[in-house]
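> Chains as they are written, first to last, in our numbering: chain A, 1 to 509; chain W, 1001 to 1366; chain V, 2001 to 2321. Idealized CB from N, CA, C, for every residue including glycine.
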Amino acid sequence: MTPAIELQGISKAFGPVHANKDIALRVLPGTIHGIIGENGAGKSTLMSILYGFYRADAGEIRIHGTPVTLSDSQAAIAAGIGMVFQHFKLVENFTVLENVILGAEDGRLLRPSLAKARKELRALAEDYGLNVDPDACIEDLGVGFQQRVEILKALYRKADILILDEPTGVLTPAEADQLFRILRRLRDEGKTIILITHKLREIMEITDTVSVMRRGQMTATLPTASTNPEDLAERMVGRKVLLRIEKAPAQPGATVLDVQNLCLQDATGVARLKSVSLSVRAGEILGIAGVAGNGQSELLQVLSGMRPAQGQVWLNGQPIDIATPRADARTRRALGIGHVPEDRQREGLIMQFSAWENSVFGYHHDSGWQRYGMMQNAAIRQAAAAQMHRFDVRPPNPALEARHFSGGNQQKLVVAREIERHPQLLLIGQPTRGVDIGAIEFIHQQIMALRDQGTAILLVSVELDEILSLSDRIAVMFDGQIMGERAADATDERELGLLMAGMAPAGGA
Amino acid sequence: MGKMPNWADAVLVPVISLLLAAILSALVILAIGEDPLAALQLMVKGALGSSYGWGYTLYYTTNFIFTGLAVAVAFHARLFNIGGEGQAMLGGLGVALACLYIPWPHWALALVGATATAALLGAAWTLLPAYLQARRGSHIVITTIMFNFIASALLNYLLVNVMRPKGSMDPATAKFAEATHLPTLHDMLAPLGIAFSKSAPANISLVIAVLACGAVWVLIWRTRLGYEIRAFGHSEPAAHYAGINATRITVATMLISGGLAGMMAINTTMGEAERLVLNSVEGAGFIGIAVALMGRSHPAGVLLAALLFGFLYQGGAELALWTNIPRELIVVIQALVILFTGALDNMVRMPLERLFTPRKPSIKKG
Amino acid sequence: MDYATLLQVLDSTVRLATPLLLACLAGLFSERAGIFDIGLEGKMLMAAMLSAAVAYVSGSVWLGLLAGIGASLLLAALHGLASITFRGNQLISGVAINFLAAGLSVLIAQDWFSQGGRTPSLTGGARFEPITLPFADALAGVPVVGPIYQQLISGHTLPVYLAFLCVPLTWWVLYRTRFGLRLRAVGENPAAVDTAGISVVGLRYAAVMICGLLCGIAGAYLATALQAGFIKDMTAGRGYIALAALIFAKWRPWYALGACLLFGFLQAIALRFQSIDLGGITIPVQVMDALPYILTVVILAGFVGRAIPPRAGGEPYVKER
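#1: For the beta strand (DSSP E) that contains A/F478, what are its first and last residues?
#2: Would you kindly work out how many angstroms separate the C-alpha atoms of V/L2040 and A/G311, rounded to a whole number?
#3: Which value, in whole angstroms, describes the spacing of the CA atoms of A/W356 and A/Q387?
#4: Report yes or no: do the segment 2245 to 2253 of chain V and the segment 2019 to 2026 of chain V share at least 3 C-beta pairs separated by less than 8 angstroms?
#5: Can you tell me whether DSSP reads A/P341 as helix, strand or coil?
#6: Could you tell me which whole alpha helix (DSSP H) segments of length 4 or greater appear in the segment 1069 to 1143 of chain W?
#7: Does A/T2 come out as helix, strand or coil in the three-state DSSP assignment?
#8: At what residues does the alpha helix (DSSP H) containing A/N377 begin and finish?
#9: With DSSP run on the structure shown, which of helix, strand or coil describes W/M1347?
#10: Out of V/I2131, V/S2093, V/A2206, which one is the CA nearest neighbour of V/G2187?
#11: Assign A/L121 to one of three DSSP states: helix, strand, or coil.
#12: Which residues mark the beginning and the end of the alpha helix (DSSP H) in which A/D511 is found?
#13: Assign V/L2100 to one of two classes, buried (16 or more other C-beta atoms within 10 Å of its C-beta) or exposed (fewer than that).
#14: Let me see if you follow: with CB-CB separation under 9 angstroms, is W/N1279 close to chain V or not?
#15: Whose C-beta lies closer than 6 angstroms to the C-beta of V/D2289 among residues of the same chain, with five residues either side of it excluded?
#16: Quick one: what does DSSP say V/I2308 is sitting in, helix, strand or coil?
#17: Anything in chain W within Cβ reach of V/G2080, meaning under 7 angstroms, just list it in chain order.
#18: Relative to the C-alpha of A/Q352, which candidate in A/T268, A/P398, A/T255, A/G107 has its C-alpha closest?
#19: Using beta carbons (cut-off 9 angstroms, strictly below), is V/T2013 in contact with chain W?
#20: Kindly indicate the opening and closing residues of the beta strand (DSSP E) around V/P2284.
#21: In chain V, which residues lie with their C-beta within 7 angstroms of the C-beta of W/Y1157?
#22: Do V/I2153 and V/L2133 have their CB atoms nearer than 9 angstroms?
#23: Less than 6 angstroms between C-beta atoms, sequence neighbours within five positions excluded: which residues of the same chain meet that for A/V100?
#24: Does W/R1230 have its Cβ less than 9 angstroms from a Cβ in chain A?
#25: Distance, Cα to Cα, V/Q2008 vs W/A1317?
#26: Buried or exposed: where does A/L243 fall if 16 or more other Cβ atoms within 10 Å of its Cβ makes it buried?
#27: Output the boundary residues of the beta strand (DSSP E) element that contains A/W314.
#28: Measure from the C-beta of V/N2098 to each C-beta in chain A and report whether the shortest distance is under 9 angstroms.
#29: Going by C-alpha distance, which of A/S211, A/T172, A/E205, A/I163 is nearest A/K191?
#30: With DSSP as the reference, label A/P319 as helix, strand or coil.
#31: Does the beta-carbon distance from A/L413 to A/F442 come in below 9 angstroms?
#32: Run through chain W and tell me which residues come within less than 9 angstroms of V/G1960, C-beta to C-beta.
#33: Contact between the segment 1223 to 1237 of chain W and the segment 1288 to 1296 of chain W is defined here as three or more beta-carbon pairs at a separation below 8 angstroms; is this criterion met?
#34: Please report the Cβ distance between A/M500 and A/V170, rounded to the nearest whole angstrom; I am assuming they are in contact, meaning their Cβ atoms lie under 8 angstroms.
#35: According to DSSP, W/A1172 sits in a beta bridge with which residue or residues?
#36: Quick check on V/R2032 - is its C-beta less than 9 angstroms from some C-beta in chain W?
Encoded structure:
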């Protein structure tokens, strides 16, 4: 059978970085093909090339046997390729209908295009179960529906190859199941689907064939039925992976953090945190599991002082002010609460600052780093050099700007800064997102070491593996609430998955 | 991404931008039938060829240091203060109030007092735009533009209807008292045995301007406030994460910026005109933008760029006097400098970055 | 104020609102596409100078208009080059363009005419003549309505009618055509436009050039219709008032008409009366001068309904990796 997609020798470099190197790929029509790999393995770059968003430096692309030049997205669309990006490309204050016709209008006037699209959307809704109100404004729709609009956009453009980039990242498990049902139906109608993900479970659940990418190269392509998660994980990272790290049992001490009935509403009045209560003791790690966007980020923001909220919070038995705007991150740090933010590039570091300037970021009021409002730069430089040495930051050059370090080394800078203060409580968000394997292990070890020194740690991660391997107790968040709490050694992915979907597992507490 | 050594970024980019602006300006001069080289000679002679010329060049330089620093400080917080013009007008009002209504015993005291009131009123004129930017998200570029016009209307009203002496037709205040007159460079250099033109307006404000450069350098690179200003400028979310209060930084930065712009008035109003006139700022607030861009928001760069523009201003005046080239040529040059060092920065930078990027691509670890 | 005076003030409101309206709609196209433009002033100024110069030399206002539009388009292209192609700071580019125009306009006028940076006065065919609408004089005698038709509606120059026609036209283009849909989309989320296979760069250049075209007409109107020739700095901040009107109008065409008429009215009042006596309180003329700017600050402060600019405004578009 002629493959729907055939890639040969695709290479793409961004400056000195090879995002894709000599990639070959064959996908048969009417199948779901998964592409799996770590963050930064080059999956998204490859798909952007296939969608004409980037031009490959070298290589050939054949669609249904015909060589094509995908010089822009228009060419890709013409070749029957549709793409659903991880971050939706929708105009927020347009209606569904307007978004669907954008770029695929018939003629210069809108009215006929809109009428035609309305009819066609109705047909698509019937064919594939893709129901969306055509006159709804995008900003009023939930993410699941926004994703459907993206799929509808592709189908309206007569795509018969559909690429989805990390489509479940923002979905609840239930929404993800719904998406998978739609994808199966599309496949059964003869569409070819490429699913990019870093989640092994999804690959096993829905794909027919799977390709593994590592460091810009395609390391394997095989039928899904002939492989298993452990095998794929090994191919992804290039060596055996310890799915759980060795750890001594926790020796929890007194309660450090006590949170009661924490509530938060965002600017539009939507409740983001609904009466959250939890506690963390000295020397233990409480992991917060959940699908992204279910209140974990907000919890970190409130506890770290970046956002006021309602409710009671005690630190070592002392109530702390969380409601007034004066309760900011600075006062929270002074209380001994450290914070490794979820997004190190946006929040944790000033990318244009040198490593040494970043080493006191947030602690620049401390008496060791400033006196009478004047920064003690020599002292900071010296301390930063020693710290970078201890945390094996490479290159160990304190004068280098943060943006010139790799993701893993950037994260080490942040973790070092927060850990070396020996906080009472450390808040950690997504400690290993976009971090290479070597740095992940190092960072995990540092977190464990801090726990063993008696720090209370609250860990938020969307990676269930990470939660399971680091935490002593696990709380699951869904829709701004804590769905349940389990001891880490008394639960498994299945149970947590159900909680993450907002369902109490049968027989559960 | 290409990475350039810091010296190239700090020196090469502005110099090339300046060259491009100079070449285009030369073409403009050619187009109006004059000889660019002769024009340059005339400018150099008129601006730097005599102590009279230097006196004017340094007088303008003083203005541009203040307004350049004002824009530069705001740039560090990623705030574009386009309202230097209005803030300097208010600074003039501050100087006039201090000099007209307080009987100063000595010029030195008057200078301190007038500097304070000038800075105070200049700063006050940024308060509302800064606050609105921080708390209501009103774009500071637009609000400061609006405040320029409001300042102009306000000054117009005050000078025409309130502060104008009886019987005078000029929209200006009365002459300041003798005791507030500042020593000129002539007065200052004479005791040292250096002869300097008596009629040139450069005065002791120049010293204050240079001191202000030093103070801004300390502020930005050595103080905690400066650290916070730069952090806020580079990344607002990160500043928030670090507990840096956005409102406080925005307002503090703009107050300092407006204060610096206002201080320009001690040079023009107290040092030169010795009364407040309607058009005392004469666009210096806007030239500050070019100066700050050209000087890469660094006080040393601002000093050099201000000197360059002081030279252009005085040289341009000489050109207008002796040739067919109107003063507006300077406005064109100023526009070209803003264009190349500000808006078309990437056009200059991108080829340079390519030049500095190693040919052999290496795989970045990470 | 009697009826005749009121009509005169309103008549002058229409004249003064015209350049504001054209520039405001110009800014609307540009900013709706995500390109901030504080260079409206400069484009108008350059167009005013070149249209007056060419109209004087050729004796034809039409050639003058074309020249004015050409000058404005050139500056618009420069703005596009800086802010679209080289992804520079749009605000700084606008500032540079304003200065470039302020300097070049005088430089060129001085070089050509040696009259201190102004053009000679325009007469006859080098100016736009007022157009008398049908039956204007015949209906003048009809009470109340007659004078409105004769003085207020009839008797304006062509660019005035053009400017007012541009309002429904802009609305129609923006909300009823494919181009308008894409233009609005690129100002809100250029990535959505790019992934739909439409050129972000092309759309934004188109918007910037439309902006140049309208500013060109506005400038030509100033020098060849409202006044008879170019003088130094003749735009006198109108570009900024238009910008203020655009914010006041929340980037919408019909609101823009209202805002420009209001600001034109303030200008007309300030022009006619030196000070206004409101039952004992005298309002000096400077308050009228400052009022558009004060109103804009109030609007920006969000006290009278919030003005939300196009979401992608001011940000150069860079494809994300």
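The short version:
#1: In the first sequence, residue 478 of chain A corresponds to position 478, counting from 1. Looking at the DSSP string, the run of the beta strand (DSSP E) that includes A/F478 is 473 to 478.
#2: Locating residue 2040 of chain V in the third sequence gives position 40, where the first residue counts as 1. Locating residue 311 of chain A in the first sequence gives position 311, where the first residue counts as 1. Their Cα atoms are separated by approximately 51 angstroms.
#3: Position 356 of the first sequence, counted from the first residue, corresponds to residue 356 of chain A. Position 387 of the first sequence, counted from the first residue, corresponds to residue 387 of chain A. A/W356 and A/Q387: Cα-Cα distance of roughly 10 angstroms.
#4: yes
#5: Taking the first sequence and counting its residues from 1, one reaches residue 341 of chain A at position 341. The answer is coil: DSSP assigns A/P341 none of H, G, I, E or B.
#6: 1084 to 1101, 1107 to 1131
#7: Residue mapping note: residue 2 of chain A aligns to position 2 of the first sequence, counting from 1. The answer is coil: DSSP assigns A/T2 none of H, G, I, E or B.
#8: Position 377 of the first sequence, counting from 1, holds the residue named residue 377 of chain A. Here the alpha helix (DSSP H) through A/N377 covers 377 to 390.
#9: Taking the first residue of the second sequence as position 1, residue 1347 of chain W is located at position 347. Note: W/M1347 maps to helix in three-state DSSP.
#10: Within the third sequence, numbered from 1, the residue matching residue 2187 of chain V stands at position 187. Closest by alpha carbon: V/A2206.
#11: Position 121 of the first sequence holds residue 121 of chain A. Note: A/L121 maps to helix in three-state DSSP.
#12: This structure cannot settle anything about residue 511 of chain A, because the visible part of chain A is limited to 1 through 509.
#13: The sequence position of residue 2100 of chain V within the third sequence is 100, counting from 1. So V/L2100 counts as buried.
#14: In the second sequence, the residue the question calls residue 1279 of chain W occupies position 279. So, not an interface residue.
#15: Start at 1 with the first residue of the third sequence, and residue 2289 of chain V comes out as number 289. Only A2270 meet the Cβ criterion.
#16: By 1-based counting over the third sequence, the position of residue 2308 of chain V is 308. Residue state, collapsed to three classes: coil.
#17: Along the third sequence, one-based indexing puts residue 2080 of chain V at 80. Ordered by position in chain W, no residue passes the 7 angstroms Cβ test against V/G2080, which lies about 11 angstroms from the chain.
#18: Translated into the one-based positions of the first sequence, residue 352 of chain A becomes position 352. Out of A/T268, A/P398, A/T255, A/G107, A/P398 has the C-alpha closest to the C-alpha of A/Q352.
#19: Reading the third sequence from its first residue, position 13 is the one you call residue 2013 of chain V. Judged by the 9 angstroms Cβ criterion, V/T2013 is not in contact with chain W.
#20: Counted from its first residue, the third sequence places residue 2284 of chain V at position 284. V/P2284 -> beta strand (DSSP E) spans 2281 to 2284.
#21: As a working note, residue 1157 of chain W is residue 157 in the second sequence. The answer, in chain order, is P2284, Q2286.
#22: One-based indexing of the third sequence puts residue 2153 of chain V at position 153. One-based indexing of the third sequence puts residue 2133 of chain V at position 133. The answer is yes: Cβ separation under 9 angstroms.
#23: Numbered from 1 along the first sequence, position 100 holds the residue referred to as residue 100 of chain A. Excluding residues within five positions, the ones whose Cβ falls inside 6 angstroms are A117, L152, K153, Y156.
#24: For the purposes of this step, residue 1230 of chain W is taken as the residue at position 230 of the second sequence. It does: the Cβ of W/R1230 has a partner Cβ on chain A nearer than 9 angstroms.
#25: The residue labelled residue 2008 of chain V in the question sits at position 8 within the third sequence. The residue labelled residue 1317 of chain W in the question sits at position 317 within the second sequence. So the two alpha carbons sit approximately 44 angstroms from each other.
#26: What you label residue 243 of chain A is simply residue 243 of the first sequence in a count that begins at 1. With a pLDDT of only 49 at A/L243, under the threshold of 50, the placement of this residue in the model should not be trusted, and no figure is reported.
#27: For this step, residue 314 of chain A is matched to residue 314 along the first sequence. Start and end: 310 to 315.
#28: Counting from 1 along the third sequence, the entry for residue 2098 of chain V is found at position 98. No, V/N2098 does not count as interfacial toward chain A.
#29: Within the first sequence, the letter at position 191 stands for residue 191 of chain A. For the residues A/S211, A/T172, A/E205, A/I163, the minimum Cα distance to A/K191 belongs to A/I163.
#30: The residue given as residue 319 of chain A occupies position 319 in the first sequence. Three-state DSSP puts A/P319 in a strand.
#31: The residue labelled residue 413 of chain A in the question sits at position 413 within the first sequence. The residue labelled residue 442 of chain A in the question sits at position 442 within the first sequence. The answer is no: Cβ separation not under 9 angstroms.
#32: The requested residue 1960 of chain V is not part of the displayed model; chain V covers only 2001 to 2321.
#33: no
#34: As a position in the first sequence, residue 500 of chain A is number 500, starting the count at 1. As a position in the first sequence, residue 170 of chain A is number 170, starting the count at 1. Not quite, the Cβ-Cβ distance comes to about 13 angstroms (not below 8 angstroms), so this is no contact.
#35: Here residue 1172 of chain W refers to the residue found at position 172 of the second sequence. Partner(s): W/V1277.
#36: Mapped onto the third sequence, residue 2032 of chain V falls at position 32. No, V/R2032 lies away from the interface with chain W (no Cβ there is under 9 angstroms from its Cβ).
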